[in-house]
Amino acid sequence: MKVECGWCGISMGERPGPENEVSHGMCSDCAFRMLSRQEGSINSFLDKMDYPVLLVDSDVNLKYENRMLRELTGKNEQQLEERKGGEVFECVNWRKPGGCGKTIHCSGCTLRNTVEKTYLSGKPSTDVKTTLKVVTENEEKQISSFISTQKVGDYVLLSVRKFKVDG
Ligand SMILES: [Zn+2]
15 MKVECGWCGI SMGERPGPEN EVSHGMCSDC AFRMLSRQEG SINSFLDKMD YPVLLVDSDV
75 NLKYENRMLR ELTGKNEQQL EERKGGEVFE CVNWRKPGGC GKTIHCSGCT LRNTVEKTYL
135 SGKPSTDVKT TLKVVTENEE KQISSFISTQ KVGDYVLLSV RKFKVDG
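Read in order, the letters of the sequence shown correspond to residues 15 to 181 in our numbering.
Quick look at the structure:
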């Protein structure tokens with residue numbers, strides 16, 4: 015599949031995946047432009063994407079996010095600031111002893127593992143199927159999505175596509 019910069023449209027080459035699909039990343043120029051912005055305006059830079067995009071650190075702490083993520087989670091900027099990925103998505107494990115990333119279930123977490131892999135290797139991942147057990151309104155649900163990761167500065171850019179509640 016072709017990869018384009020979702021911000022300026024420049025071609026970023028090919029990645030494994032369906033021929034006729036285009037995936038989005040962020041080119042190094044746009045990454046530089048984003049990281050040189052004032053902290054308060056990074057979120058609006060991410061608003062360019064019409065699906066949820068997050069900028070997280072190596073431990074999946076949320077640093078910046080776009081409006082689509084706030085709509086998806088129903089949380090505002092203050093409620094999301096510096097939160098663990100598990101808390102952002104209300105994963106069943108983040109309330110457990112140890113918290114997000116520290117429970118025995120977390121070693122199998124695709125979200126965390128994909129972010130860590132990209133952070134450590136610098137290599138992007140495209141459309142990795144992820145399922146999370148979440149609790150919303152005291153009800154346990156399973157959500158699935160396809161995530162893509164790319165290292166940007168000292169962060170990982172995480173895109174969430176085809177988000178679906180499986181009941
Ligand atoms: Zn670009």
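Quick reminder that beta carbons are idealized off the backbone N, C-alpha and C, glycines included.
All values reported here derive from a predicted model rather than from experimental measurement.
Between the alpha carbons of residue i and residue j, how many angstroms are there, rounded?
i: Glu85; j: Met63; result: 13 Å
i: Gly136; j: Glu153; result: 37 Å
i: Gly20; j: Ile118; result: 36 Å
i: Thr128; j: Met82; result: 21 Å
i: Thr124; j: Leu76; result: 17 Å
i: Ser173; j: Leu68; result: 6 Å
Hey, is residue i close to ligand 1, as in C-beta under 7 Å from one of its heavy atoms?
i: Asp43; result: yes
i: Ile56; result: no
i: Met40; result: yes
i: Ile24; result: yes
i: Trp21; result: yes
Find the nearest neighbour of residue i within the set the options, judged by alpha-carbon distance.
i: Val166; options: Ser139, Leu146, Glu91, Lys155; result: Ser139
i: Ser37; options: Cys44, Ser25, Phe46, Arg47; result: Ser25
i: Met40; options: Asp168, Asp73, Gln164; result: Gln164
i: Glu151; options: Cys105, Ser42, Ile56, Gly27; result: Cys105
i: Glu96; options: Ser42, Asn34, Ser72; result: Ser72
I think residue i touches residue j, with their Cβ atoms under 8 Å apart; what is that distance to the nearest whole Å?
i: Val142; j: Ile161; result: 5 Å
i: Leu60; j: Glu79; result: 7 Å
i: Leu171; j: Phe103; result: Incorrect: roughly 17 Å between the Cβ atoms, too far for contact.
i: Val5; j: Arg126; result: Nothing can be reported for residue 5: it is not among the residues displayed for the chain, which extend from 15 to 181.
i: Cys120; j: Lys98; result: Not quite, the Cβ-Cβ distance comes to about 10 Å (not below 8 Å), so this is no contact.
Go ahead and label residue i buried or exposed: buried means 16 or more other beta carbons lie within 10 angstroms of its beta carbon, across all protein chains shown.
i: Thr144; result: buried
i: Pro66; result: buried
i: Val70; result: buried
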